[in-house]
Every structure is written in C-alpha cells, then in structure tokens.
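There are 2 protein chains.
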Amino acid sequence: MGGKVAGNLVIIGGAEDKENECTILKAFINLAGGSDARIVIMTTATALPEETGAQYLDVFGRLGCSHVSACRVQNRAEAHAPANCEKIAHSTGVFFTGGDQLRITSILGGTPLEETLFQKYRAGIVVAGTSAGASAMSDLMIVEGQDDETPKKCTLKMAPGLGLLREVVIDQHFAQRGRIGRLMLAVSQNPYVLGIGIDEDTAIWIQPEGVLSVIGSQTATIIDGRPMVHTNISELKPNQSLAVIGAGLHILPRGYGYDLAGRNVIFPEEEGYFAHRRHADNYGSQLL
Amino acid sequence: MGGKVAGNLVIIGGAEDKENECTILKAFINLAGGSDARIVIMTTATALPEETGAQYLDVFGRLGCSHVSACRVQNRAEAHAPANCEKIAHSTGVFFTGGDQLRITSILGGTPLEETLFQKYRAGIVVAGTSAGASAMSDLMIVEGQDDETPKKCTLKMAPGLGLLREVVIDQHFAQRGRIGRLMLAVSQNPYVLGIGIDEDTAIWIQPEGVLSVIGSQTATIIDGRPMVHTNISELKPNQSLAVIGAGLHILPRGYGYDLAGRNVIFPEEEGYFAHRRHADNYGSQLL
Chain X
1 MGGKVAGNLV IIGGAEDKEN ECTILKAFIN LAGGSDARIV IMTTATALPE ETGAQYLDVF
61 GRLGCSHVSA CRVQNRAEAH APANCEKIAH STGVFFTGGD QLRITSILGG TPLEETLFQK
121 YRAGIVVAGT SAGASAMSDL MIVEGQDDET PKKCTLKMAP GLGLLREVVI DQHFAQRGRI
181 GRLMLAVSQN PYVLGIGIDE DTAIWIQPEG VLSVIGSQTA TIIDGRPMVH TNISELKPNQ
241 SLAVIGAGLH ILPRGYGYDL AGRNVIFPEE EGYFAHRRHA DNYGSQLL
Chain G
289 MGGKVAGNLV IIGGAEDKEN ECTILKAFIN LAGGSDARIV IMTTATALPE ETGAQYLDVF
349 GRLGCSHVSA CRVQNRAEAH APANCEKIAH STGVFFTGGD QLRITSILGG TPLEETLFQK
409 YRAGIVVAGT SAGASAMSDL MIVEGQDDET PKKCTLKMAP GLGLLREVVI DQHFAQRGRI
469 GRLMLAVSQN PYVLGIGIDE DTAIWIQPEG VLSVIGSQTA TIIDGRPMVH TNISELKPNQ
529 SLAVIGAGLH ILPRGYGYDL AGRNVIFPEE EGYFAHRRHA DNYGSQLL
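So the protein lines, in turn, are chains X and G.
No gaps in the numbering here: position 81 of the first sequence is 81 in the working numbering, and each next residue is one more.
Add 288 to a position in the second sequence, counting from 1, and you land on the number used in the working numbering.
What follows is the structure, encoded as structure tokens:
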C-alpha cells in the first residue's frame, strides 16, 4: 500500500436506500463511470453470498448498469484464483456488501486479489463498502463492541482492516445502534487516529486528495482526539467508565465536507467547497 | 506519517541486559552516534517515571554517553510543552521505556511531541522501545491478551500504535510469556499484517530500507499469514479455539535478518547479508 492514490472511496453506514432515490448507490455508479461502469460485487463478508449478491445485481441493474457481476470469494483459495483477480482487474467499481468484517480481512488479507484491488484503487477505480464492508476500508477496524452503552475498557475489540484509508477508524449503523461510546474508546486509545461514525443510508465519499463529502439522508460523526487534554483509558479497569476531556466532535449532514489531512470541516458556503462540488457535478447531480 | 524515512528503529522484547555485555543498548547508542549521541529517555509508559528514568540515566552513563536526559511526559499537556518537544528535536536517539503501551499512545497521540518525533525519525534519528515501548512502535499494537493460552477469539484486544513501523504487529516478552497464541490471533484477523514476536534481551534493528536484523541473546519469531489457506477466526464464538492452516513461521536468532517488503529471511551466509553486516559494522562491532 502507500504511494499516490487516484481512486475514490464510498463508505456507507449500512442500510442504504435501494428502492427510492438510491442517492448513495447512484453516486457510486457515477464515480465508476455511469452507464460505462463495470461493477463487481464482493460478497466475502456475508454467509449468504447468493442472496446478497442477487439483491445487489438486481438494484444495480435497475439503476442502469449493464456490466455488473458478483465475485464470490468465500475462502482464501478463491482469493488466489486468477479468474477472480481478473474480475477486479477489469472493474471500474468494486462494492463490498455487509456481513462480518473479519471475514473480509481474514479471507482477503495478503492475497493476490487484495493486491489487485490495491493496484486498481491506486490507479483510479472507486471502492465502496456498506456496513461490514465500510468497517473494513480503514487500516484499523472495530470488530466488536457494545451498542447503546457507556464506554468501558473491556468492551472494545479492534483488528487490522484492508487499509485503503489510513489513520482512521470507521464505525457504521452509527446513530441507529448508539455507537459513539465504542468509537470514543477507539479514538481515546490513540488520538492520532480520526474516528468517523456513519449513520444508516449515509456515506462519506473520499476523493483522492483526502477530502470527504457526506452524502445520503443522515449524518457522519467525526471525532478528533487531537485536542483531547486528558483520558483515563490507560488506567481503566474492566467495567470502569471512560473519561475523555476536550475531544473535538463534528456532526456533518450531506453537503458538508472534511479535509482529512488538515482536520478541517468544509462548510457548504466555502469557496473551496463549491469548487469541490462543481467537480462532483461532473459525475452527475445525484452526488450531493 | 508516510514518506521516505531515514531513521532506524531498535525494538526490544523487554528485560534487555543492563549489567553485562549490554549488546542491545550499545547497538542503540552506536546507531545514535556513539560518544556524540544525544539520548532522550521517554518514560511516558510507566507509572514510576522517576525510578525508571534514573535506571536508564545510570546505564547509558555507564556505557559512555555524556548527553542523556529523561523527558518526563506524563499527560497530554506535557506533550504540548515546547520544552519537551525541543528535547526530542535536539536528540539523535529516543528510548521508550516499558510500562503500559496505552499510556504512550493515549498521552502522545496527535500531539506536537509525537509530530516532532515522526519528523526526527524521518530525518534520521534512531528510536528504540522496550517492552510496552516496543509494542507502541507499530501501527497496530496488542493491548491485552492471554499468555500461555490456546488462542481464542475473545482474548485479544488491539489498539492503534505510534505507527513508526507499518503493517506489522509487535509482541514482546514473547517466548518468556508464551505469547504465540495471541500473535496468531492478531495475524489471522488480517494476514496482510506481519506478526513479529520478540523475546526478552533480544531486539530487531530495522534499517531505513526495511531490512531487520536480530540482535541480543534470544530470538525473534516472524509469523507470515500470507500463505495461510484457511482460518476460522471470523466464525469463532468466544472461548472457541482458533484454527490457522498454512501460516509461515520463522524463528530467527542473532545474525539472521528479514526483508519486510519482500517477506524473505536473510541468512547469515548470504552475500547481501554480509554487505548488510559490513554496513552495521560501521556502527561498531557490538551490533551483531
């Protein structure tokens, strides 16, 4: 990994609209080339690959894509199969479904298929993931943690993700499952890492320059630990509660952006933002 | 982070010899400039900074260093203090003591002191860490796990480390505390990440080119998950046992090396190895 990246990411908090406006899925298709898009659906995360694959084949077909296929990789041998790597190599967009993020990383990690995906991403394709597929995008991912719960030391488990996005930890179904506690735990352990929680039917689109834009119906929550002046995380005993003093928090609905390198919110009225949006408009007005 | 790095790392599995030959500490001093070394001892990991700082001030003094100071950073405010950043900025070698790795990352993460450390490391200083200080070097670190235990899903907790070393997870006191189970858990979750277990009184010296050499009295264990053909990690229930089929395993005593990018062992008799060792000899014969 590393090096200059030309690709885009669309990271979705799960339960994206597949029936009505389909704002997020349309944005993905447009970034992948619109009617010329060659889309590959990766069902590795799910234990029901037939059912999930068929659902997305159907929705991408309804949205006008004629070149869509499912790439069924359910074990490490299949992630070494040249035919599956070829599918990725010829794609312009790869879509990771939901399921279990540990399936994605334990099956794809260190395989030729993963290497092909990185190469294509660096070269300029769009990679999308929803739910478990969203968690796996960053270099560090939450595997397990308490929903709707006060943050406590003993309740969080993390693992290395695919690493398409660096120095970030993603959480999904964020507001709907009450996950700010577990994201605070992740960020307080190392405030260098930026926490991004994405609600259902909401996505962050990350451009090659490291600027993200929020799309979809709900919000993305950014937790910036750098201004944090204190945490008790290293002294916590299991079942004691976390203290965090002074972390930065942003809740961003669609139309807002965030500069990952500079850690600055980009407001809708900002000059740069509109330049950014004009660029996005090249991919179709559905995007923002 | 990212970008070209000119610095060296010396990552120590804990309990390094401080009384007799002091092979590892001498290697660190030589890499930092020998008698011209300006060494800063970071005691952030420990709850006993006075005692631990004094111990290392004493041993570095005995080994002939005249420019040694302890940098006592025990909270985030101190990691913003210009005087502490200055100490790092003027150092040629920074040594992280043992303690709790979560103290290092939760106190230093995202602060000016950490940024200064990265800049200096990129520019060419040597950064060493022992025990908790070793765990914090990589981008992903083990925070908690069972010693002397069959690997089970529910027993491992990881957090983001300082990230001076990428795509690696380090474990320390490795053979002495029976930690191969917990390192296998880390690697099986994403076989892209290389597992390195370091025994007590043993270190890996990582040169800017990404080649490591083992120094000290015991061994370093490398777990390469890439050849792995199967794992049950994603299906494991708490307290079920891990299955891993086909991972690569190397146990390397001093004199052996490993190319992190190519994932190749470098044997003592190899041409390249000797060239590499000759280079090391410039820093003094204690090194290998």
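Glycine included, each C-beta is placed from N, C-alpha and C at the ideal position.
Keep in mind the model is a prediction, meaning the values are calculated, not measured.
Does the separation of the CB atoms of X:Ala242 and X:Met184 fall below 9 Å?
-> The sequence position of residue 242 of chain X within the first sequence is 242, counting from 1. The sequence position of residue 184 of chain X within the first sequence is 184, counting from 1. Per the sequence shown, residue 242 of chain X should be read as Leu rather than Ala. Yes, the pair counts as a contact, with Cβ atoms nearer than the cut-off.
Option nearest G:Gln528 by Cα separation, candidates G:Lys441, G:Glu304, G:Ala365 and G:Lys292 = Locating residue 528 of chain G in the second sequence gives position 240, where the first residue counts as 1. For G:Gln528, the nearest C-alpha among the options comes from G:Lys441.
Proximity of X:Ile107 and G:Ser522 at Cβ, strictly below 9 Å = Within the first sequence, residue 107 of chain X is the residue found at index 107, counting from 1. Within the second sequence, residue 522 of chain G is the residue found at index 234, counting from 1. Result yes, Cβ atoms of X:Ile107 and G:Ser522 sit closer than 9 Å.
Who are the neighbours of G:Arg364 on chain X, taking C-beta pairs under 7 Å?
-> Stepping through the second sequence from its first residue, residue 364 of chain G is reached at position 76. Those are Met228, Val229 and His230, listed as they occur along chain X.
Return yes when the C-beta of G:Gly543 is under 8 Å from any heavy atom of the ligand ADP, and no when it is not.
-> The ligand ADP is not part of this structure, which contains no ligands at all.
Cα-Cα separation, G:Asn318 to G:Ala325 | Here residue 318 of chain G refers to the residue found at position 30 of the second sequence. Here residue 325 of chain G refers to the residue found at position 37 of the second sequence. Distance between the alpha carbons of G:Asn318 and G:Ala325: 8 Å.
On the three-state DSSP scale, how would you describe G:Phe279?
-> The question about residue 279 of chain G has no answer here: the residues shown for chain G are numbered 289 through 576.
First and last residue of the alpha helix (DSSP H) that includes X:Met141?
-> Against the first sequence, residue 141 of chain X aligns to sequence position 141. Premise fails: X:Met141 lies in the beta strand (DSSP E), Ser138 to Glu144, not in any alpha helix (DSSP H).
So is X:Glu167 in contact with chain G if we call contact Cβ pairs under 9 Å?
-> Position 167 of the first sequence holds residue 167 of chain X. So, interface residue.
Along the beta strand (DSSP E) that carries G:Asn296, what are the first and last residues, could you check?
-> Along the second sequence, one-based indexing puts residue 296 of chain G at 8. Its beta strand (DSSP E) spans residues Asn296 to Ile300.
Can you give, in chain order, each stretch of the beta strand (DSSP E) that sits fully within the region 443 to 490 of chain G and has at least 3 residues?
-> 445 to 448, 453 to 459 and 482 to 486
Taking only beta-carbon atoms, is G:Glu402 less than 9 Å away from chain X?
-> Sequence index remark: in the second sequence, residue 402 of chain G carries index 114 (1-based). For G:Glu402, the answer is yes, since a Cβ of chain X falls inside 9 Å of its Cβ.
G:Arg326, DSSP secondary structure in three states = As a working note, residue 326 of chain G is residue 38 in the second sequence. Note: G:Arg326 maps to strand in three-state DSSP.
Indicate the three-state DSSP secondary structure (helix, strand or coil) for G:Asp569 in the structure shown.
-> In the second sequence, the residue the question calls residue 569 of chain G occupies position 281. For G:Asp569, the pLDDT reaches just 37, beneath the cut-off of 50, and the residue's location in the model is therefore unreliable, leaving the point undetermined.
Separation of G:Arg454 from G:Val499, as counted between CA atoms = Translated into positions along the second sequence, residue 499 of chain G becomes position 211. Translated into positions along the second sequence, residue 454 of chain G becomes position 166. Each residue's Cα considered, the two are about 13 Å apart.
For X:Gln172 versus X:Ser135, is the C-beta spacing smaller than 9 Å?
-> On the first sequence, residue 172 of chain X is found 172 positions in, with the first residue counted as 1. On the first sequence, residue 135 of chain X is found 135 positions in, with the first residue counted as 1. Yes. Within cutoff.
Going by C-alpha distance, which of X:Ser66, X:Val5, X:Val10 and X:Arg122 is nearest X:Ile170?
-> Within the first sequence, numbered from 1, the residue matching residue 170 of chain X stands at position 170. Among X:Ser66, X:Val5, X:Val10 and X:Arg122, the Cα nearest to that of X:Ile170 belongs to X:Val10.
Near X:Leu252, what residues of its chain come up, given a Cβ to Cβ distance below 8 Å and the 5 sequence neighbours on each side ignored?
-> Along the first sequence, one-based indexing puts residue 252 of chain X at 252. These residues qualify, in order along the chain: Val214, Thr219, Ala220, Thr221, Ile222, Tyr258 and Val265.
Distance between beta carbons of X:Val126 and X:Met42, contact taken as under 8 Å | Residue numbering aside, residue 42 of chain X sits at position 42 when the first sequence is read from its first letter. Residue numbering aside, residue 126 of chain X sits at position 126 when the first sequence is read from its first letter. That pair is no contact at about 13 Å.
Inter-residue CB distance, G:Asn363 and X:His80 (contact presumed, cutoff 8 Å) | Position 75 of the second sequence holds residue 363 of chain G. Position 80 of the first sequence holds residue 80 of chain X. In fact, because the Cβ distance is near 49 Å, the residues do not count as touching under 8 Å.
Where DSSP assigns a beta bridge to G:Ser529, which residues make up the other side?
-> On the second sequence, residue 529 of chain G is found 241 positions in, with the first residue counted as 1. G:Lys440.
Whose C-alpha, out of X:Ile88, X:Ile12 and X:Thr46, is nearest the C-alpha of X:Gln101?
-> Reading the first sequence from its first residue, position 101 is the one you call residue 101 of chain X. The residue with the shortest Cα to Cα distance from X:Gln101 is X:Thr46.
Just how far apart, CA to CA, sit X:Asn20 and X:Gly195?
-> In the first sequence, the residue the question calls residue 20 of chain X occupies position 20. In the first sequence, the residue the question calls residue 195 of chain X occupies position 195. Straight-line Cα distance between these residues: approximately 30 Å.
Whether G:Leu428 touches G:Arg470 by CB criterion (9 Å) = One-based indexing of the second sequence puts residue 428 of chain G at position 140. One-based indexing of the second sequence puts residue 470 of chain G at position 182. No, the Cβ-Cβ distance between G:Leu428 and G:Arg470 is not below 9 Å.
Could you give the distance in angstroms between the alpha-carbon of X:Pro151 and the alpha-carbon of X:Val143?
-> Taking the first residue of the first sequence as position 1, residue 151 of chain X is located at position 151. Taking the first residue of the first sequence as position 1, residue 143 of chain X is located at position 143. Distance between the alpha carbons of X:Pro151 and X:Val143: 15 Å.
Taking the alpha helix (DSSP H) that G:Gly421 falls in, what are its first and last residues?
-> The sequence position of residue 421 of chain G within the second sequence is 133, counting from 1. Ala420 to Ser423 is the span of the alpha helix (DSSP H), which, as asked, contains G:Gly421.
State the DSSP-derived secondary structure class of X:Asp58, mapped to helix, strand or coil.
-> Here residue 58 of chain X corresponds to residue number 58 of the first sequence, with the count starting at 1. In this structure, X:Asp58 counts as helix in the three-state DSSP scheme.
Can you list the residues of chain X that G:Gln477 reaches, using a CB-CB cut of under 7 Å?
-> Numbered from 1 along the second sequence, position 189 holds the residue referred to as residue 477 of chain G. The answer, in chain order, is Leu102, Thr105, Ser106, Ala159 and Pro160.
According to the neighbour-count rule (16 or more other Cβ atoms, all chains shown, within 10 Å of its Cβ), is G:Asp512 buried or exposed?
-> One-based indexing of the second sequence puts residue 512 of chain G at position 224. Classification for G:Asp512: buried.
CB contact flag (G:Gly594, G:Ile312, <9 Å) | The displayed coordinates of chain G run from 289 to 576. Any statement about residue 594 of chain G would go beyond what the structure contains.
What number of angstroms, rounded off, separates the C-alpha of G:Asn478 from the C-alpha of G:Met516?
-> What you label residue 478 of chain G is simply residue 190 of the second sequence in a count that begins at 1. What you label residue 516 of chain G is simply residue 228 of the second sequence in a count that begins at 1. Those two C-alpha atoms are separated by around 10 Å.
When you compare each of G:Gly449, G:Gly550, G:Ala358 and G:Thr490 to G:Glu402 by their alpha carbons, which one comes out closest?
-> Residue 402 of chain G sits at position 114 when you count from the first residue of the second sequence. Nearest C-alpha to G:Glu402: G:Gly449.
Using a Cβ cut-off of 9 Å (strictly closer), state whether G:Ser505 contacts chain X.
-> In the second sequence, counting from the first residue as 1, residue 505 of chain G sits at position 217. No, G:Ser505 lies away from the interface with chain X (no Cβ there is under 9 Å from its Cβ).
Closest by C-alpha distance to X:Ile245, when choosing among G:Glu339, G:Glu304 and G:Ala365 = Stepping through the first sequence from its first residue, residue 245 of chain X is reached at position 245. The residue with the shortest Cα to Cα distance from X:Ile245 is G:Ala365.
Is the CB of G:Ile521 under 9 Å away from at least one CB in chain X?
-> By 1-based counting over the second sequence, the position of residue 521 of chain G is 233. Closer than 9 Å: yes.
Would you kindly work out how many angstroms separate the C-alpha atoms of X:Gln130 and X:Phe96, rounded to a whole number?
-> As a working note, residue 130 of chain X is residue 130 in the first sequence. As a working note, residue 96 of chain X is residue 96 in the first sequence. For the sequence presented, residue 130 of chain X should be read as Thr rather than Gln. Cα-Cα distance, rounded: 6 Å.
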